[in-house]
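Residue numbers (the working numbering), protein chains in the order written: chain A, 1 to 463; chain B, 464 to 926; chain L, 927 to 1389; chain S, 1390 to 1852.
4 protein chains.
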Amino acid sequence: MKRNIASARINIESSKLLKELNDSLPFDKELYKEDIIGSIAHSKMLYKQGIITKEDFLAIQKGLNELLEEISSGKIELNEGDEDIHMAIERLLTQKIGDAAKRVHTARSRNDQVATDFRLYVMSNNLEIARLIKEVIKSFLNLAKRHTTTLLPGMTHLQHAQPINFAYHLLAYVAMFKRDYERFISSYQRNNYSPLGCAALAGTPHPIDRELTAKELGFEEPTINCLDSVSDRDFALEILFNIATLMMHLSRFAEEVIIWSTSEFGFIKLSDKHATGSSIMPQKKNPDIPELLRGKTGRAYGNLMALLTTMKALPLAYNKDTQEDKEGVFDSVKTAKLSLMVLKEMVDEMEVNREKMEQACKVGHLSATDLADYLVRNLNMPFRDAYYLVGDIVNRAEELNKDISELSFEELKELDSRFKEDVVEVLNIRNSMNARDSFGGTSTKRVKEQIEIFDKWLSEIES
Amino acid sequence: MKRNIASARINIESSKLLKELNDSLPFDKELYKEDIIGSIAHSKMLYKQGIITKEDFLAIQKGLNELLEEISSGKIELNEGDEDIHMAIERLLTQKIGDAAKRVHTARSRNDQVATDFRLYVMSNNLEIARLIKEVIKSFLNLAKRHTTTLLPGMTHLQHAQPINFAYHLLAYVAMFKRDYERFISSYQRNNYSPLGCAALAGTPHPIDRELTAKELGFEEPTINCLDSVSDRDFALEILFNIATLMMHLSRFAEEVIIWSTSEFGFIKLSDKHATGSSIMPQKKNPDIPELLRGKTGRAYGNLMALLTTMKALPLAYNKDTQEDKEGVFDSVKTAKLSLMVLKEMVDEMEVNREKMEQACKVGHLSATDLADYLVRNLNMPFRDAYYLVGDIVNRAEELNKDISELSFEELKELDSRFKEDVVEVLNIRNSMNARDSFGGTSTKRVKEQIEIFDKWLSEIES
Amino acid sequence: MKRNIASARINIESSKLLKELNDSLPFDKELYKEDIIGSIAHSKMLYKQGIITKEDFLAIQKGLNELLEEISSGKIELNEGDEDIHMAIERLLTQKIGDAAKRVHTARSRNDQVATDFRLYVMSNNLEIARLIKEVIKSFLNLAKRHTTTLLPGMTHLQHAQPINFAYHLLAYVAMFKRDYERFISSYQRNNYSPLGCAALAGTPHPIDRELTAKELGFEEPTINCLDSVSDRDFALEILFNIATLMMHLSRFAEEVIIWSTSEFGFIKLSDKHATGSSIMPQKKNPDIPELLRGKTGRAYGNLMALLTTMKALPLAYNKDTQEDKEGVFDSVKTAKLSLMVLKEMVDEMEVNREKMEQACKVGHLSATDLADYLVRNLNMPFRDAYYLVGDIVNRAEELNKDISELSFEELKELDSRFKEDVVEVLNIRNSMNARDSFGGTSTKRVKEQIEIFDKWLSEIES
Amino acid sequence: MKRNIASARINIESSKLLKELNDSLPFDKELYKEDIIGSIAHSKMLYKQGIITKEDFLAIQKGLNELLEEISSGKIELNEGDEDIHMAIERLLTQKIGDAAKRVHTARSRNDQVATDFRLYVMSNNLEIARLIKEVIKSFLNLAKRHTTTLLPGMTHLQHAQPINFAYHLLAYVAMFKRDYERFISSYQRNNYSPLGCAALAGTPHPIDRELTAKELGFEEPTINCLDSVSDRDFALEILFNIATLMMHLSRFAEEVIIWSTSEFGFIKLSDKHATGSSIMPQKKNPDIPELLRGKTGRAYGNLMALLTTMKALPLAYNKDTQEDKEGVFDSVKTAKLSLMVLKEMVDEMEVNREKMEQACKVGHLSATDLADYLVRNLNMPFRDAYYLVGDIVNRAEELNKDISELSFEELKELDSRFKEDVVEVLNIRNSMNARDSFGGTSTKRVKEQIEIFDKWLSEIES
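Structural data, given as structure tokens:
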């Protein structure tokens, strides 16, 4: 009878259903590269520590490198006969080089092996996602640089609030993406430690050198406690949370793009490359991309919640439940990377309708706060009193069917005799935008300053 | 230039990234059967209403039936050239029968088509999952019937509380599964209405008969408002929630099986068919199945949360976000079905260690409440006073290193002179179990009554 | 030393922190009414079964009714000296009537007591929420009746798609709310069973009559298995899910109201009663109500996820974890009820801007699908061919800076000589809306039919 | 008619329901201290920048400090007449000092005010939670130091796997808590930036100094972009996620404590201070504390999911939805702090049953892996072959009803003649534990090394 690797004492055939429930190869084959790299590093260490012979190591290394090439190129297809990617590669290596293959697993368990593979995957994707975020930031900054004087109605509650410029709005997203970037990098730094050599849960009696394998694999150092290392999935939860937050940011921008693309707003127009039609309505151009970015927030949240649930109340150390950690992470990582690439392309190619944006600024009495501030500064009115007076002026403007920026000096004087002629300048929309000149504010000067700050930060993280 | 179906006005090539983000064929091909069945019903109606000719209908029907066979048997592989399953099948049908294929989409939009396909899938899986729950219930009832006198320490807070029998414990799960069954059936009944013919969002000017297609496809009736019908995903949320609750129940049983399988408890032993080993520890037999059942609760919760998130704040009617509805449902449905099948097999084949269970009943003073009840009934003591007296007796038994069920009449009399000899019977564990003879209680008599109630319910739902 | 109720054997003072973590009175006092009603029913049964005397029952009943009045009126404040509401009421009753109070807890445990109280709360709130949904439906129907001919651009992807009427759009929500109503009622029917008398986990040796207490409390029947009954929280999960889905529907309408209230859309105007201002921008009127409805979806989802998480993998029967079931349910119930009342008021008082809605219908070539359908019907063109031709016509209209509904017969004829003069009628927006006359469609006739269906359903559920 | 602050133009009374839905005072009064401190810093800056007079500033400062004292001491009760804490304090200050109070809001909006208050709260609680984690770590280290030679069956899949020591197990949690600590600190550092002075969304025309208020309030610097600053809730999501992960760790330890406290395991005993009883079963002592720690994981997850949901797809900048950010954060913060304090006390006072732990190590063939390693090292057997041989030996031991650590040299020799006498030493449990002497492993030596590493880290973060 054929014996199962990893079941030394179990002599009857496993239930077919158990196999179906249990087998992880269909998804964990994603880790073939990490598994091979990990095994090479482990074997090298075994040889350097005198645990296996040089010959064995060289055979293993050669065999694994061949396998890496054969799987990458599609020469070998990982079929479903094996329980998981680790067993599949051990089997393939044994076919290739015989007994030496059986020595790779010395001083190692599937528990630390899978922890290592998965951590390698997550660490490199932290860096890759951070890199893609940087690319998106560059696109936003590029667009911002062209729009530091483009007026846009700044909104709160989706109601026109104060005039801002379009660059300023884009920079709000740059600020979000900067935090996203920092989160992925911070998570990388906090978790880039090697669990390899932790074995099943308690370490190993073999005279291994975990420092060596850690360095070999690009980890900072080996982890401190092996029991923790085989059951820790914090690094996976962190990337899931960081992706959830990133997708939340994307969903906010997506929502705005969708609203801006309506015929009512008309602030922007997506490239035809990024629009799709309807199977029944021949006139439609639909903003599918931002809708998908927004919709995919759901799966990012769901994957986070799934792993949090799975990890709840698990006793130490390894439990099979933990096998559920991978599919969600793969899915979130893939979603994040694709979403960032799509977002960049969309931003690079969308058309901005300056005229529509600026026209919209003349609706909604956007300079009302300026008027209140004017009253405080020039007439030394307490803010709350000014605030109520402006409320009355706005009501009057509405009766006249005008925006307050269109009120004449005469009309204003009628409402309060203390107004001086300079009040008209204060009500001008562009002046209003440029008046908000405090640090972090929307004036063109301040916006250029912000662009400089972000550019400087970019050049620092790239150096 | 090749034109996109569903993009009548878009004349430049779609972005490669958009396609990657957008294409749903890799997962929605799961719906090929529902799509074909739906199209046959629709075409039949179009013909009966005089909208297409009989010849066209017959060609369409024949072509679609052939396609169904070819895809089912693997003769045709759905490759990734198409945007989604609906476009793939329209293209294949056109290759097969030419122009007639182009008439299938008359009076239909992708919006109602996908809503129909997906609803057919969810409805039939509601029934299939309900059927599998019924099978699990039968297995639990079978096991229960063999254990109506098998003592088990009933626990609260994982501490021994009162003696029960094993059947009684199993019946608690039967009660849960009964509610699960009822939820799937209730959801089926509430949602088994046909959106077909709702077109894009507003109905169609063609003289269609939605009643006819509804009946043809096994729906109760057509839905009432088409705008709702193309954007409604309540039926999907319901199956996700019902599966989440089902998996929660499974996770509770799984947790108990894992604890019962420890060497400390030893109450049950899983079949070797359902155990796996360790890659490094040759002595291990691990309860992988219950661990996976417990772990997979995570994905069931995550899929629910994902779709809830996606649906939040979507304006009517169809938005591309909704495309995110399927993968999670497919995954939860597959998980639920496989989990139920595995659970049934595990329960059918696990060994129950009666002796260990009964021995454990002699630890923890399980008959303490009986003693308090005795004092209330026989000495007319207020419950709270009896309760405190028993507390003292338990403390005394612990000093004697005995379980209270092992105290002699003499020892008891020393503590309170009012005890009569019949108190010894009251402290007997089996008597204690049988004493709880109220409706729904654990006495063997009441447990048999419960089995009868569940058997009767089963025969009613099967008739 | 003062002894703790519910801790017969624990002789040292509890940790202050444990008390803080453990005490549930600050939130479970919400259940005082249910607790008192439950205890009266239980005592009545104890008396009828001869377990307590008539005198004791009458004293208990009188004392509890007084307490009910004193707590309701605020005469007694439930302070924080007690561990939970059940202990608080037992203590107050003991102060009032002495020893008889101690007999109430005969044949009952806190486990079945809390299960009963909480279930009573959830059941009555299922009915109350259902009632409020019905009120909301009536408001939507009233508004709909006034707008069966009010044109509105029907949207998909937030892009104008086809002309519909405003009533039709409102009826989509009526269809959602109808399902919501059915879910709450279905959950009520599935779970309205009495756990009272289940005691700690195994039933009781006292000759109780669970049927009697069930009827007394308005339950259908007693539950079947007591072990399940004390650990079952399915009814709580169901109300949390049903509220989550309800809030999701509300968030969709809220999103639309927010978008419709922008100065760009201007389709509706909220009553000043439902708008708030800004502390700094005197001109603002903000749609706080729909924003809060949308934002509160978060807590409804969160409360669901919280209880699902808490219940995961809990062994039977009662565990202290379950105490976490209440706050989330109280919060979701309160949120749902308040949200429904607010929504009703908002809908009743909002102004609909017919003109803006109808004008908007002339943007976006809303009758494009009609034109395609015309080609299919009148020229026997396959749908896909018609679809492409219309795509070209739309492109042409855009060149002319016109909506296709504004194209003249001559302009159309130029594009395809087969057009007849009746094509102009087909392109008319109102005709287009009324043309969608299939069952469930948007034509005024069909919309009136839908209103009738919903009205009939309402009168059925109210009879 | 009384005018609403923050509603300059709204002249009819707000709906009672809107007020109920909208008013945040019942929960945001938690922020009174942050609000007052923020307003003092803002006023000081206004004075230093010449925007208000010294007299006004001094009056404001004095008035606010008095209010702080009066609210803290309970002299003033914040009642429900005000919309939120910010308006309440502005009103109280106006009562106290008149017109000067109205000048505090110059160059500030509720948007940046609430963002500042909330951020101050979250930042200081990041530090406070980090401090409490450090205290828990110290308790775990103290306990660990007493148990570096206490044997414990190391488990995987809740099955005995390899012998470890109890200190090693505790250190796994120290490793988790160290990461938790680092996450709270990292989040603090990433988010400790001041939004004050960002005003409504665009900055202010007043010549403010945001640097000054930032320093005054303990922030690192002002934030870069004001539009982002008023809508950013990343800092809130981060603390919710970090608490969710922390509670997940606590739930794992809680689960183990619950299992270890069963009469079957009996590894530990909680102090009576931390146990509670049953209202009906006088003999019970229940581990309520770990059950509540485990159960409260639910609310931590729920609060995270709630805010993620609320933030999804919100357009910039402030929307009323965001008001939903606070209750969940307050609840999670309170839960985390109380849970950590309770955990520390529980660990400090629980009894460890060394004998039970060590006895348990003789069940389950814990030295099986040692035997396999022995075969690899001494007989140069490939690992897989050794693995299968040990599987056979374990089966043989079971036939003899022995643990393999109890097999004699003779019995072993019978199974494989190559065994030498030293194999007996290898099978000894304590030797087996100490044999796992690789870095991070369970040997007493390595465990002491780990304690040193953690102690060193502690002294570094405290210096």
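Yeah, the Cβ is synthetic: ideal placement off N, Cα and C, and Gly gets one too.
Residues bridged to residue i (per DSSP)
{"i": "residue 1330/L", "result": "Residue 1330/L is not bridged to any residue."}
{"i": "residue 618/B", "result": "623/B"}
{"i": "residue 1277/L", "result": "1195/L"}
{"i": "residue 1300/L", "result": "Paired residues: none, contrary to the question."}
{"i": "residue 1248/L", "result": "Partner(s): none; residue 1248/L has no beta bridge."}
{"i": "residue 941/B", "result": "Because chain B in this structure spans residues 464 to 926, residue 941/B falls outside the shown range and cannot be described."}
{"i": "residue 1584/S", "result": "DSSP lists no partner for residue 1584/S."}
{"i": "residue 222/A", "result": "194/A"}
{"i": "residue 749/B", "result": "739/B"}
{"i": "residue 1554/S", "result": "1540/S"}
Status (buried if at least 16 other CB within 10 Å, exposed otherwise) for residue i
{"i": "residue 1390/S", "result": "In this predicted model, residue 1390/S has a pLDDT of only 33, less than 50, meaning its place in the structure is not dependable; the value taken from the coordinates is given anyway. Exposed: under 16 other Cβ atoms inside 10 Å."}
{"i": "residue 324/A", "result": "buried"}
{"i": "residue 364/A", "result": "buried"}
{"i": "residue 998/L", "result": "exposed"}
{"i": "residue 942/L", "result": "exposed"}
{"i": "residue 513/B", "result": "exposed"}
{"i": "residue 351/A", "result": "exposed"}
{"i": "residue 1704/S", "result": "buried"}
{"i": "residue 489/B", "result": "exposed"}
{"i": "residue 924/B", "result": "exposed"}
Start-to-end residues for the alpha helix (DSSP H) that takes in residue i
{"i": "residue 1314/L", "result": "1309–1325"}
{"i": "residue 1141/L", "result": "1136–1142"}
{"i": "residue 303/A", "result": "297–311"}
{"i": "residue 1306/L", "result": "It is not in any alpha helix (DSSP H) - residue 1306/L carries neither H nor E in the DSSP assignment."}
{"i": "residue 42/A", "result": "32–48"}
Assumed close pair residue i, residue j - CB separation to whole angstroms, cut-off 8 Å
{"i": "residue 1169/L", "j": "residue 1216/L", "result": "With 8 Å as the limit, residue 1169/L and residue 1216/L do not qualify as a contact, their Cβ atoms being about 18 Å apart."}
* Using Cβ-Cβ distances below 7 Å, what residues of the region 1214–1233 of chain L are close to chain B? -> Contact annotation: in the region 1214–1233 of chain L, residues whose CB is within less than 7 Å of a CB in chain B are 1220, 1223, 1227 and 1231.
* Taking a cut of 8 Å between CB atoms, which residues from the region 150–162 of chain A lie near chain L? -> Hits within the stretch, in order: 156, 157, 158, 159, 160, 161 and 162.
* Using a beta-carbon distance cut-off of less than 8 Å, what residues from the region 429–446 of chain A approach chain S? -> Along the region 429–446 of chain A, the positions whose C-beta sits under 8 Å from a C-beta of chain S are 433, 435, 436, 437, 438, 439, 440, 441, 442, 443 and 446, read in chain order.
* To do: Compile a chain-ordered list of the residues in the region 1246–1273 of chain L whose CB is closer than 8 Å to at least one CB of chain S.
  => Result list: 1246, 1247, 1248, 1249, 1250, 1253, 1254, 1264, 1265, 1267, 1268 and 1271.
* Which residues, taken in chain order from the region 75–90 of chain A, show a beta carbon closer than 8 Å to some beta carbon of chain S? -> Answer in chain order: no residues at all.
* Asked: Along the region 1104–1119 of chain L, what residues have a CB closer than 7 Å to any CB found in chain S?
  -> Going along the region 1104–1119 of chain L in chain order, one finds no residue with a Cβ nearer than 7 Å to chain S.
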